[in-house]
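> In the working numbering, the protein residues as written are 1 to 734. First the structure, which I've put down as structure tokens, then a few questions once you've had a look.
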């Protein structure tokens with residue numbers, strides 16, 4: 001055994017004998033490997049291997065693998081985690097001799113030295129220099145670099161770097177003259193005292209080339225004007241202003257509304273005109289095409305070629321073999337026209353700009369423009385200036401008076417246009433108020449004629465007001481042995497209000513639905529009618545539209561009753577005296593007499609009816625079963641249905657217990673399967689009338705009652721007619 005190996009084994013045995021008791025929490029007890037094979041020969045791999053559990057041997061000092069080990073509060077993090085993507089950057093230069101060149105004796109080359117903290121690797125890059133003729137880029141690839149001799153067994157660490165020092169990489173000396181801010185802060189944190197940065201020496205040859213380029217710049221045949229940055233930052237960003245050009249001082253001029261677009265990408269301006277309808281001017285696509293707008297325009301008139309951006313001094317050419325043509329330009333540009341153009345800073349609300357001699361006032365802008373000026377210039381005041389022209393004075397049109405031929409509307413239409421057109425009625429109102437279904441939009445009133453003739457005192461009329469077109473029709477009720485024919489008294493037509501002049505320029509006023517209420521007197525073409533009552537639909541319509549019919553407003557009627565200063569005890573005594581049967585109910589005539597006597601006629605008949613309808617007792621009366629059977633006979637006879645025997649036979653088949661009764665739902669199902677031509681609602685009501693307590697129906701009696709061939713309809717028709725007449729009389733007398 002070699003002497004070194006024997007010494008290491010003795011040291012390990014001594015360490016085991018003098019070792020302390022096992023520490024609490026220790027988990028590693030492995031023995032580090034010291035032996036290996038090289039060319040099939042067993043030998044010691046390294047004398048720097050630690051002892052058991054990775055701990056160093058007695059008197060052994062382990063060299064750290066990397067420069068820094070981050071220490072945490074609980075456990076150590078690996079360097080490749082703690083220093084991931086953290087790189088120190090140093091600026092360095094190298095002075096190279098150039099012995100075989102007359103233009104330069106030495107050359108200064110600049111480098112970037114990158115030190116990666118995670119694994120102490122180093123990379124050296126040379127920035128590319130235009131037209132240098134040298135291979136540049138990565139000078140030393142990233143790896144760990146060893147120290148120069150005699151310490152070539154060690155590597156560079158972070159402590160070897162500083163500012164204003166020389167560092168050697170593979171025999172090449174680099175002068176570090178500066179570093180970035182992150183590198184300086186990091187070195188200070190780990191305890192490195194930084195030197196003061198120095199200035200990089202200047203390359204004499206590059207200095208001479210730069211001076212030569214500066215001298216040749218005015219003579220170059222082109223000028224470099226880079227506007228790409230402005231285009232990329234503000235492409236498709238447009239400021240929009242609303243402007244006005246007042247041209248009223250010129251002949252046939254007026255105020256014109258304009259829209260100004262300012263394109264931030266190239267500082268150009270475009271103006272569009274808002275053309276009002278029927279202006280008499282040709283529609284133009286643009287008021288001003290997109291271009292830069294000069295502040296002081298229009299400029300003077302110049303000859304072609306007089307104004308130019310370049311002045312050519314001389315033209316030269318090369319040899320015939322490699323001929324090169326070029327020209328020399330004047331540095332001072334004497335022929336260039338100096339003009340000032342409008343910028344975004346010149347545009348603001350209330351500013352007047354010069355658009356080629358036209359004074360255009362900026363009145364307003366859009367939201368994007370306001371945000372742009374707030375962000376860039378800090379402007380907060382965007383008070384709008386009215387740019388629309390005041391409306392022209394309205395000319396009052398006067399029409400000739402009505403001639404008496406045709407209607408007033410037709411005569412007026414012949415005065416409005418050269419080609420007379422028909423009068424347009426209110427189609428929207430007609431569609432909304434036209435009758436459909438059970439909604440008629442017709443107000444019907446029961447009225448009598450007010451006259452001094454004894455023969456006409458008892459004449460009764462029905463006045464219908466059509467809400468769709470404000471027309472009125474009057475129908476006279478026929479009375480036997482009265483000597484009057486009855487029937488249509490007035491055809492459906494609009495009725496003018498009395499007291500209006502016939503031959504006038506304005507249209508006549510017609511009777512409106514608000515003027516009709518119970519107790520009112522209306523003049524229909526000279527005939528005065530007193531409205532006595534109305535039907536149920538009229539009362540309901542007025543109560544649902546109390547804004548147009550205040551007489552049907554219950555609250556207003558009660559307030560009017562309270563204003564009469566009537567004591568409540570007097571009204572109670574009057575009602576108690578009239579109610580002799582103590583039923584707490586009165587008929588309408590008695591109620592009306594008491595209210596009229598107490599209020600001394602301050603309430604109208606319609607207001608009294610409104611109060612009475614609010615406190616009325618609703619009577620629920622169902623139609624007689626004979627009336628329902630008669631209605632079913634009418635539907636069956638209309639469809640010529642006579643197959644009642646088959647229905648009874650089906651019921652007998654369904655009646656397995658032979659009780660002559662079936663549930664109403666089964667009979668309803670059989671009627672539907674046999675297509676009985678009776679409406680579903682009517683059939684349901686009839687079955688409900690023939691049901692017993694157990695909801696069973698005697699099918700023999702039910703279908704015999706529906707058989708219109710066996711049962712006569714004369715008796716049921718008479719009863720139905722009498723019941724309907726009685727119902728109408730009650731409505732009118734109410």
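Glycine included, each C-beta is placed from N, C-alpha and C at the ideal position. Since the structure is predicted, the reported quantities are computational estimates derived from the model, not experimental observations.
Could you tell me if residue 203 is buried or exposed, where buried requires 16 or more neighbouring beta carbons within 10 angstroms of its beta carbon?
buried
> Mind checking residue 524: buried by the 16 CB within 10 Å criterion, or exposed?
buried
> What is the rounded straight-line gap between the Cα of residue 391 and the Cα of residue 352?
23 Å
> Could you pull the start and end residues of the beta strand (DSSP E) that residue 447 belongs to?
442-449
> Just to confirm the assignment, what range does the beta strand (DSSP E) spanning residue 616 have?
Neither: residue 616 is in no beta strand (DSSP E) and is coded neither H nor E.
> Evaluate contact between the region 85-95 and the region 116-126, counting only Cβ atoms and requiring at least three cross-stretch pairs below 8 Å.
yes
> If you follow the alpha helix (DSSP H) that residue 699 is part of, which residue opens it and which one closes it?
Start and end: 699-706.
> Evaluate contact between the region 521-540 and the region 438-447, counting only Cβ atoms and requiring at least three cross-stretch pairs below 8 Å.
yes
> State the DSSP-derived secondary structure class of residue 665, mapped to helix, strand or coil.
DSSP places residue 665 in helix when its eight states are reduced to three.
> Label residue 51 either buried or exposed according to how many other C-beta atoms from any shown protein chain fall within 10 Å of its C-beta, with 16 as the threshold for buried.
buried
> Report all residues from its chain with a CB closer than 8 Å to the CB of residue 199; omit the five preceding and five following residues, and keep chain order.
177
> Let me check understanding here. Comparing Cα to Cα, which of 159, 164, 29 and 102 lies closest to residue 759?
With the chain covering only 1 through 734, there is no way to say anything about residue 759.
> From the DSSP output, which residues share a beta bridge with residue 244?
Answer is 257 and 361.
> Quick check: the region 257-264 against the region 229-239, are there 3 or more CB pairs under 8 Å?
yes
> On the DSSP bridge list, what partners appear for residue 263?
238 and 268
> What residue from 175, 168 and 159 has the CA that sits closest to residue 184's CA?
Here the closest residue by C-alpha is 159.
> Can you tell me whether residue 385 is helix, strand or coil according to DSSP?
Of the three classes helix, strand and coil, the one that applies to residue 385 here is coil, per DSSP.
> With distances taken Cα to Cα, identify the nearest neighbour of residue 112 among 300, 210, 711 and 141.
141
> I'd like to know whether the C-beta atoms of residue 442 and residue 464 end up nearer to each other than 7 Å.
It is a contact, given that the beta carbons lie within the stated cut-off.
> Would you identify the three-state DSSP class for residue 678, choosing helix, strand or coil?
coil
> Counting C-beta neighbours from all protein chains within 10 Å, is the total for residue 387 16 or more, i.e. buried, or is it exposed?
buried
> Could you spell out where the beta strand (DSSP E) holding residue 108 opens and where it closes?
Taken as a continuous stretch (DSSP letters only), the beta strand (DSSP E) holding residue 108 covers 106-116.
> If you measure between the beta carbons of residue 270 and residue 256, is that distance less than 7 Å?
Cβ distance not < 7 Å, so residue 270 and residue 256 don't count as in contact.
> Shortest alpha-carbon distance to residue 769 belongs to which of 416, 639 and 122?
Outside the displayed range of the chain (1 to 734) lies residue 769, so it cannot be described from this structure.
> Is residue 228 helix, strand or coil when you go by DSSP?
helix
> Strictly by DSSP, which residues pair up with residue 93?
Paired residue(s): 110 and 175.
> Would you mind stating whether residue 484 and residue 474 have Cβ atoms separated by less than 7 Å?
no
> Report the rounded CA-to-CA distance for residue 401 versus residue 504, giving the unit in angstroms.
Take the alpha-carbon of residue 401 and the one of residue 504: they are about 4 Å apart.
> Note the first and the last residue of the continuous beta strand (DSSP E) segment covering residue 534.
Taken as a continuous stretch (DSSP letters only), the beta strand (DSSP E) holding residue 534 covers 527-534.
> Pick helix, strand or coil for residue 338, following the three-state DSSP scheme.
coil
> Count the other CB atoms within 10 Å of the CB of residue 337; is the residue buried (16 or more) or exposed (fewer)?
Residue 337 should be labelled exposed.
> Considering only residues of the same chain and omitting the five flanking positions on each side of residue 709, which have a CB-CB separation below 7 Å?
642
> How close, in whole Å, do the beta carbons of residue 667 and residue 636 come, if the pair is a contact with beta carbons under 8 Å?
Between residue 636 and residue 667 the Cβ distance is about 16 Å, and since that is not below 8 Å, they are no contact.
> Is DSSP giving residue 132 helix, strand or coil here?
coil
> Excluding sequence positions up to five away, which residues of its chain have a Cβ less than 8 Å from the Cβ of residue 173?
94, 166 and 167
> Give the single residue among 399, 389, 495 and 543 whose Cα lies nearest to the Cα of residue 246.
389
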